[in-house]
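Quick note on the working numbering: the sequence shown kicks off at 2 and runs consecutively. Note that the Cβ used here is the ideal one computed from N, Cα and C, for glycine as well. Worksheet for the structure shown next.
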Amino acid sequence: MLRLGRRVRIRLLHVDSVARALYPYLLLVDLAIYYMVNRVLQALRRVDVVIYDRFFLDALIDAVHLCRGINKLLLKLCLSMHRRVGKSIVLDVNVETALRRKRDIIPAKEVSFKRGLYLILSKSLGLATIDSSRELRNVLEEVLEVVDPLAIKASGGQLIDLETNTNFYPSYLHPHTLPYFV
Numbered sequence: 002m003l004r005l006g007r008r009v010r011i012r013l014l015h016v017d018s019v020a021r022a023l024y025p026y027l028l029l030v031d032l033a034i035y036y037m038v039n040r041v042l043q044a045l046r047r048v049d050v051v052i053y054d055r056f057f058l059d060a061l062i063d064a065v066h067l068c069r070g071i072n073k074l075l076l077k078l079c080l081s082m083h084r085r086v087g088k089s090i091v092l093d094v095n096v097e098t099a100l101r102r103k104r105d106i107i108p109a110k111e112v113s114f115k116r117g118l119y120l121i122l123s124k125s126l127g128l129a130t131i132d133s134s135r136e137l138r139n140v141l142e143e144v145l146e147v148v149d150p151l152a153i154k155a156s157g158g159q160l161i162d163l164e165t166n167t168n169f170y171p172s173y174l175h176p177h178t179l180p181y182f183v
């Protein structure tokens, strides 16, 4: 019989050792393949700037969170790939706003933990940190200023989505449809 009003907490702490060892590398390989395919598409379409929603530093954060740590080899791989792809920007938002915006259910502790890791990486790697609690248009304009101001001015501020090959302006962008190509 189930009692009403009683809280039940279930916490899964077991992580399979094989999955813990392989997952970060598979995630990194997946992102590297994705990056190389997009580089080919960029070259064919003469694209100057690409903005990815999640990338190598995200793989590093996910590996630290899901695997409860990473080894030095993976850290070196992620950081070396990060340096080769261009500029990285951390979009920072407080935990409450992040949880409100998420479509899936994520514990506040996880969001807080990952946010802390992103802020540490941002500070230690000298990455631009942008407050993303503002209007999307303002955030995107600041991102584009950091990424490549000359290419943005040359394009007239228009963004092109490769999937639909349609022009968008910053006020109409949805954050889940990245990458955008300028």
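At which residues does the alpha helix (DSSP H) containing residue i begin and terminate?
i: residue 105; result: No alpha helix (DSSP H) contains residue 105, which DSSP labels as neither H nor E.
i: residue 225; result: Because the chain spans 2 through 183 in this model, residue 225 falls outside it and cannot be assessed.
Less than 9 Å between the beta carbons of residue i and residue j, yes or no?
i: residue 86; j: residue 36; result: yes
i: residue 115; j: residue 71; result: no
i: residue 100; j: residue 91; result: no
i: residue 57; j: residue 74; result: no
Run the CB neighbour count on residue i, radius 10 Å, all protein chains shown included, and call it buried at 16 or more, exposed below.
i: residue 126; result: exposed
i: residue 66; result: exposed
i: residue 64; result: buried
i: residue 181; result: Model confidence at residue 181 stands at a pLDDT of 40, short of 50, so the residue's coordinates are unreliable and nothing is read from them.
i: residue 17; result: exposed
i: residue 34; result: exposed
Exercise. What alpha helix (DSSP H) runs, 4 residues minimum, are completely inside the segment 18 to 106?
Worked result: 18 to 46, 57 to 68, 73 to 86 and 96 to 102
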